[in-house]
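K.L.:
Here the sequence shown stands for residues 99 to 546, where the numbers follow the numbering used here. Where a beta carbon is used, it is the ideal one built from N, C-alpha and C, also for glycine.
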Amino acid sequence: MRRQGGERQGRILTIAGGVAVLAIVLALCSLPGDEGGDAKRPARPRAAGPAVGWGFTHTQFSADRGTDESTARAARLLAAHPMPQNQHLMGWGADNPEPSPGRYDFADLDRRLALIRRTGGTPVLTLCGAPDWMKGGKAGHTDWSALEKAPDPAHYADFAALAGKVAERYPDVRHFVVWNEFKGFFDDAKGRWNYEGYTRLYNLVHRALKKVNSANQVGGPYLVMDSYVPGDDTYASDLKGPWGSVDRRTLDAFAYWNRHKAGADFLVVDGSSYSKDDRYAPDPFAAARKFADVGRWLRKESGLPLWWAEWYVEIADRNDDRAGWSERRRTAAQATALIEMAAGGATSGFYWNPENEGADCPGCLWTSTELDDGGRKLPMMDLLSRFSGAFPPGDRPHDLDTGGTKIRGLADDRTALLVNTRDRRAAVTVDGKAVTLDGYAVRWIDRG
99 MRRQGGERQG
109 RILTIAGGVA
119 VLAIVLALCS
129 LPGDEGGDAK
139 RPARPRAAGP
149 AVGWGFTHTQ
159 FSADRGTDES
169 TARAARLLAA
179 HPMPQNQHLM
189 GWGADNPEPS
199 PGRYDFADLD
209 RRLALIRRTG
219 GTPVLTLCGA
229 PDWMKGGKAG
239 HTDWSALEKA
249 PDPAHYADFA
259 ALAGKVAERY
269 PDVRHFVVWN
279 EFKGFFDDAK
289 GRWNYEGYTR
299 LYNLVHRALK
309 KVNSANQVGG
319 PYLVMDSYVP
329 GDDTYASDLK
339 GPWGSVDRRT
349 LDAFAYWNRH
359 KAGADFLVVD
369 GSSYSKDDRY
379 APDPFAAARK
389 FADVGRWLRK
399 ESGLPLWWAE
409 WYVEIADRND
419 DRAGWSERRR
429 TAAQATALIE
439 MAAGGATSGF
449 YWNPENEGAD
459 CPGCLWTSTE
469 LDDGGRKLPM
479 MDLLSRFSGA
489 FPPGDRPHDL
499 DTGGTKIRGL
509 ADDRTALLVN
519 TRDRRAAVTV
529 DGKAVTLDGY
539 AVRWIDRG
């Protein structure tokens, strides 16, 4: 399986959380507003149904660690723009939650959930990965190089029991995603996904979560919608467009889960606008139509609310970094992807926040809180928070007619979002008024 941005390995650092959390608490006692934000805006009520809206996933480095001033600044930023926030059970900033059978360590999850609560986010937990003793490892030891291994079938019930324990510990969490990208579920001998094994695990977890609270919302299967460009018939399927066709092995896995699942409140997938072998068709912006085409097909087949758990528009280098584009082009491409996902019927999505410890962080939501002057809003935060606020759960935005130009648009009765997909100036008419956008510009319009 190709490494996506969500498949980062390496030992998860222990977070010195006491000082950072104290700084966050003090910062939130009096919210004077973030850098240019609207902190006085009343927070939207926390989502109770299957749609949570548009937000982000916490990764290894986030706003719960760093210098006092920077973590406090990041907390103010998040509180000023409440969004759904996703955290993984193990890895991606959280230590092993059950190092030995019956011995639990929830310190990292406690800290991340506390940050989400204090900043007004809707909490989501992705139940991945599994403690070592559930996948052939030694109890009491954590081998982070094995993070992406699935639990052994004999321990599926143990993983489900852990999921139930987590649901009991965090009763305010209502949304759970089961596993991540079918990690560890590829059957090399058969050359296909072990969808029978995943579905068995999913069903056990689903039952455990519903047993704790029938109101818990549970979704899967978090498959990667890998595709191949037109003309490449590798694992070709009937789900196709000018961007190519989706890998039929992925669709086989989806079909099995869809037929045999114990139940689901929402459907979760991820993917990229480019192909499995890192090609765009017909170009980096037009290729984003894949999100709309795939979304419509999935909605029709499943009848479920659709979440994009991750999405990618910029091809990664050999180190899994995406730093080849200017921030202006990257933001325009991300805005285009958001428009296409919404046009395809998605109700929710989680931006994979690529935070690091340095000053240079392409695509990050805020500057590193490890820096003395960190925690400041970056262009992607502005885009994501505005999109989240403009098109909340229950809203049904539609494509905006831009007259066949290279400007892409999405709108509802109150707001319009325009994106110039070219690196040169372009003009369009919206609501009878001429609008000119510079190259790769992202423009919000108040429609009254």
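So, is E174 buried or exposed, given that buried needs 16 or more other C-beta atoms within 10 angstroms?
P.N.:
Taking the sequence shown and counting its residues from 1, the one referred to as residue 174 is at position 76. Sequence check: residue 174 is Arg here, not Glu. The residue in question, R174, is buried, as its Cβ has 16 or more Cβ neighbours within 10 Å.
K.L.:
According to DSSP, is I413 helix, strand or coil?
P.N.:
Residue numbering aside, residue 413 sits at position 315 when the sequence shown is read from its first letter. Residue state, collapsed to three classes: coil.
K.L.:
Buried or exposed, going by whether 16 or more other CB atoms sit within 10 Å of the CB of D544?
P.N.:
For the purposes of this step, residue 544 is taken as residue 446 along the sequence shown, with counting starting at 1. It is exposed - the Cβ of D544 has fewer than 16 other Cβ atoms within 10 Å.
K.L.:
Could you give the DSSP three-state label for V264: helix, strand or coil?
P.N.:
Start at 1 with the first residue of the sequence shown, and residue 264 comes out as number 166. DSSP places V264 in helix when its eight states are reduced to three.
K.L.:
Taking the alpha carbon of E294 as the point to measure from, which residue in R357, V366, P269, D270 has its own alpha carbon closest?
P.N.:
Taking the first residue of the sequence shown as 1, we reach residue 294 at position 196. Nearest option by C-alpha distance: R357.
K.L.:
Are the stretch 487–497 and the stretch 195–214 in contact at 8 Å, needing three or more beta carbon pairs?
P.N.:
No, because fewer than three Cβ pairs between the stretch 487–497 and the stretch 195–214 fall closer than 8 Å, the two stretches do not touch.
K.L.:
Does the Cβ of H156 have 16 or more other Cβ atoms within 10 Å, making it buried, or fewer, making it exposed?
P.N.:
Taking the first residue of the sequence shown as 1, we reach residue 156 at position 58. H156 comes out buried.
K.L.:
Report yes if the CB atom of M439 is closer than 8 Å to the CB atom of L463, and no otherwise.
P.N.:
One-based indexing of the sequence shown puts residue 439 at position 341. One-based indexing of the sequence shown puts residue 463 at position 365. The answer is no: Cβ separation not under 8 Å.
K.L.:
Over what stretch of residues does the alpha helix (DSSP H) that includes L396 continue unbroken?
P.N.:
The sequence position of residue 396 within the sequence shown is 298, counting from 1. Looking at the DSSP string, the run of the alpha helix (DSSP H) that includes L396 is 387–400.
K.L.:
Report the three-state DSSP secondary structure of A121 (helix, strand or coil).
P.N.:
As a working mapping, residue 121 is identified with position 23 in the sequence shown. Since pLDDT at A121 reaches only 43, below the 50 mark, its modelled position is unreliable, and the value read off the structure follows with that caveat. In the structure shown, A121 falls within a helical segment according to DSSP collapsed to helix, strand and coil.
K.L.:
Expressed to the nearest angstrom, what Euclidean distance is found between the alpha-carbon atoms of V392 and V411?
P.N.:
On the sequence shown, position 294 is the one that residue 392 refers to. On the sequence shown, position 313 is the one that residue 411 refers to. Rounded to whole angstroms, V392 to V411 spans 15 Å at the Cα level.
K.L.:
Among D166, G227, A177, R201, which residue has its Cα nearest to the Cα of G191?
P.N.:
By one-based count along the sequence shown, residue 191 stands at place 93. Across the set D166, G227, A177, R201, the C-alpha of G227 shows the shortest separation from the C-alpha of G191.
K.L.:
When DSSP labels each residue in this structure, what does H87 get in the three-state scheme?
P.N.:
Beyond the ends of the chain as shown, which are 99 and 546, falls residue 87; an answer cannot be given.
K.L.:
Looking at the ligand FAD, does it come within less than 7 Å of Y320, judged from the CB to the closest heavy atom?
P.N.:
Ligands in the displayed structure: none, and consequently the ligand FAD is not present.
K.L.:
May I have the straight-line CA-CA distance separating P380 from K288, to the nearest angstrom?
P.N.:
Residue 380 sits at position 282 when you count from the first residue of the sequence shown. Residue 288 sits at position 190 when you count from the first residue of the sequence shown. Going by the C-alpha atoms only, they are around 32 Å apart.
K.L.:
To the nearest angstrom, how far is it from the Cα of A178 to the Cα of L476?
P.N.:
Numbered from its first residue, the sequence shown carries residue 178 at position 80. Numbered from its first residue, the sequence shown carries residue 476 at position 378. Cα to Cα, the separation comes out at about 14 Å.
K.L.:
Between the Cα of W423 and those of G329, D286, V367, Y538, spot the shortest distance and give me the residue it belongs to.
P.N.:
Sequence index remark: in the sequence shown, residue 423 carries index 325 (1-based). Among G329, D286, V367, Y538, the Cα nearest to that of W423 belongs to Y538.
K.L.:
Report yes if the CB atom of R520 is closer than 8 Å to the CB atom of K531, and no otherwise.
P.N.:
Locating residue 520 in the sequence shown gives position 422, where the first residue counts as 1. Locating residue 531 in the sequence shown gives position 433, where the first residue counts as 1. Result no, Cβ atoms of R520 and K531 do not sit closer than 8 Å.
K.L.:
By a C-beta neighbour count over all protein chains shown, 10 Å radius and 16 as the cutoff for buried, is W277 buried or exposed?
P.N.:
The residue labelled residue 277 in the question sits at position 179 within the sequence shown. W277 is buried by the Cβ-count criterion.
K.L.:
Which same chain residues, not among the five before or five after A265, have their C-beta less than 8 Å away from its C-beta?
P.N.:
By 1-based counting over the sequence shown, the position of residue 265 is 167. A distance below 8 Å between beta-carbons, with the five flanking residues on each side excluded, links A265 to the following residues of its chain, in chain order: V271, F274, A306, L307, V310, N311, N314.
K.L.:
Can you find the residues in the same chain that come closer than 7 Å, C-beta to C-beta, to A362, ignoring five residues on each side of it along the sequence?
P.N.:
On the sequence shown, residue 362 is found 264 positions in, with the first residue counted as 1. Excluding sequence neighbours, A362 sits near V316, G317, G318, L402.
K.L.:
Excluding five sequence neighbours on each side, which residues of the same chain lie with their C-beta closer than 6 Å to the C-beta of N292?
P.N.:
To locate residue 292, count along the sequence shown from 1; it is residue 194. F283, D285, listed in sequence order.
K.L.:
Over the uninterrupted beta strand (DSSP E) stretch that includes T220, give me the two end residues.
P.N.:
By one-based count along the sequence shown, residue 220 stands at place 122. Element bounds for T220: 220–225.
K.L.:
For the alpha helix (DSSP H) that contains G487, what are its first and last residues?
P.N.:
Residue mapping note: residue 487 aligns to position 389 of the sequence shown, counting from 1. Per DSSP, G487 belongs to the alpha helix (DSSP H) from 477–488.
K.L.:
Between which residues of its own chain and I214 is the CB-CB distance below 6 Å, once the five residues before and five after are set aside?
P.N.:
Start at 1 with the first residue of the sequence shown, and residue 214 comes out as number 116. Contacts found: Q183, P221.
K.L.:
To the nearest angstrom, how far is the alpha carbon of S168 from that of E455?
P.N.:
As a working note, residue 168 is residue 70 in the sequence shown. As a working note, residue 455 is residue 357 in the sequence shown. So the alpha carbons of these two residues sit roughly 12 Å apart.
K.L.:
Is the separation between the beta-carbon of L321 and that of A351 shorter than 8 Å?
P.N.:
Looking up residue 321 in the sequence shown gives position 223. Looking up residue 351 in the sequence shown gives position 253. Result yes, Cβ atoms of L321 and A351 sit closer than 8 Å.
K.L.:
Within 10 angstroms of its Cβ, does L398 collect 16 or more other Cβ (buried), or is it exposed?
P.N.:
Indexing the sequence shown from 1 puts residue 398 at position 300. Per the sequence presented here, residue 398 reads as Lys, with Leu not at that position. So K398 counts as exposed.
K.L.:
Output the distance between the C-alpha atoms of R347 and Y333, rounded to the nearest integer angstrom.
P.N.:
Counted from its first residue, the sequence shown places residue 347 at position 249. Counted from its first residue, the sequence shown places residue 333 at position 235. So the two alpha carbons sit approximately 7 Å from each other.
K.L.:
Considering only residues of the same chain and omitting the five flanking positions on each side of P251, which have a CB-CB separation below 8 Å?
P.N.:
If you number the sequence shown from 1, residue 251 lands on position 153. These residues qualify, in order along the chain: G295, R298.
K.L.:
Can you tell me whether DSSP reads W464 as helix, strand or coil?
P.N.:
The residue labelled residue 464 in the question sits at position 366 within the sequence shown. The answer is strand: DSSP assigns W464 an E or B state.
K.L.:
As a quick exercise: from A509, R216, V528, T513, pick the residue whose alpha carbon is nearest that of G501.
P.N.:
In the sequence shown, the residue the question calls residue 501 occupies position 403. For the residues A509, R216, V528, T513, the minimum Cα distance to G501 belongs to V528.
K.L.:
Should R387 and V327 be called a contact, given that it needs their Cβ atoms to be closer than 8 Å?
P.N.:
Locating residue 387 in the sequence shown gives position 289, counting from the first residue. Locating residue 327 in the sequence shown gives position 229, counting from the first residue. Between R387 and V327, the CB-CB gap reaches or exceeds 8 Å.
K.L.:
From the DSSP secondary-structure annotation, give me the bridge partner or partners of H542.
P.N.:
Against the sequence shown, residue 542 aligns to sequence position 444. A small fix is needed here, since residue 542 is Trp in this sequence, not His. As DSSP reads the structure, W542 sits in a beta bridge with L515.
K.L.:
Give me the DSSP bridge partner(s) of E408.
P.N.:
Counting from 1 along the sequence shown, the entry for residue 408 is found at position 310. Partner(s): D368.
K.L.:
Near F364, what residues of its chain come up, given a Cβ to Cβ distance below 6 Å and the 5 sequence neighbours on each side ignored?
P.N.:
As a first step, residue 364 is located in the sequence shown; it is residue number 266 there, counting from the start. Excluding positions up to five away in sequence, the list reads P148, G317, L402, P403, W405.
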